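Only one structure is covered here, and it is reproduced in the block below.
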Ligand code: SF4
Ligand code: SF4
């Protein structure tokens, strides 16, 4: 069953540091072309670990209710 939450990146403020990529236990978030982080929503379980380590606060957790 899909999780209720998933991570979403505001790519306009992401500094592509890679901390979220290292923190994600599932490899669901990757820095895309060295520019910004991108989440694979189907892999993300909404644990929030990436959100906690992001120095730019560019990750927010979103609900899947409307999907
Ligand atoms: S919320 Fe958890 S599973 Fe989803 S991208 Fe962030 S660290 Fe990975
Ligand atoms: S931790 Fe934050 S700033 Fe760093 S790559 Fe991930 S989303 Fe971007």
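In the working numbering, the protein residues as written are 40 to 106. Each residue gets a CB set at the ideal place from its N, CA and C atoms; glycine is no exception. Remember, predicted model here, so these are calculated numbers, not experimental data.
Worksheet item: Would residue 97 be called buried (16 or more neighbouring beta carbons within 10 Å of its own) or exposed?
Response: Position 58 of the chain shown, counting from 1, holds the residue named residue 97. Answer is buried; the Cβ neighbour count reaches 16.
Fill in: Proximal residues to residue 80 (C-beta, below 6 Å), its chain only, five neighbours per side dropped
In the chain shown, the residue the question calls residue 80 occupies position 41. These residues qualify, in order along the chain: 45.
Worksheet item: Under the criterion of a Cβ to heavy atom distance below 7 Å, does residue 64 qualify as lining ligand 2?
Response: On the chain shown, residue 64 is found 25 positions in, with the first residue counted as 1. Answer for residue 64: no, Cβ out of range of ligand 2.
Fill in: Buried or exposed (CB count within 10 angstroms, at least 16 for buried), residue 104
Counting from one through the chain shown, the residue named residue 104 turns up at place 65. Under this definition residue 104 is an exposed residue.
Worksheet item: Taking 7 Å as the cut-off, is the CB of residue 79 close to at least one heavy atom of ligand 2?
Response: Position 40 of the chain shown holds residue 79. Residue 79: no, Cβ never under 7 Å from ligand 2.
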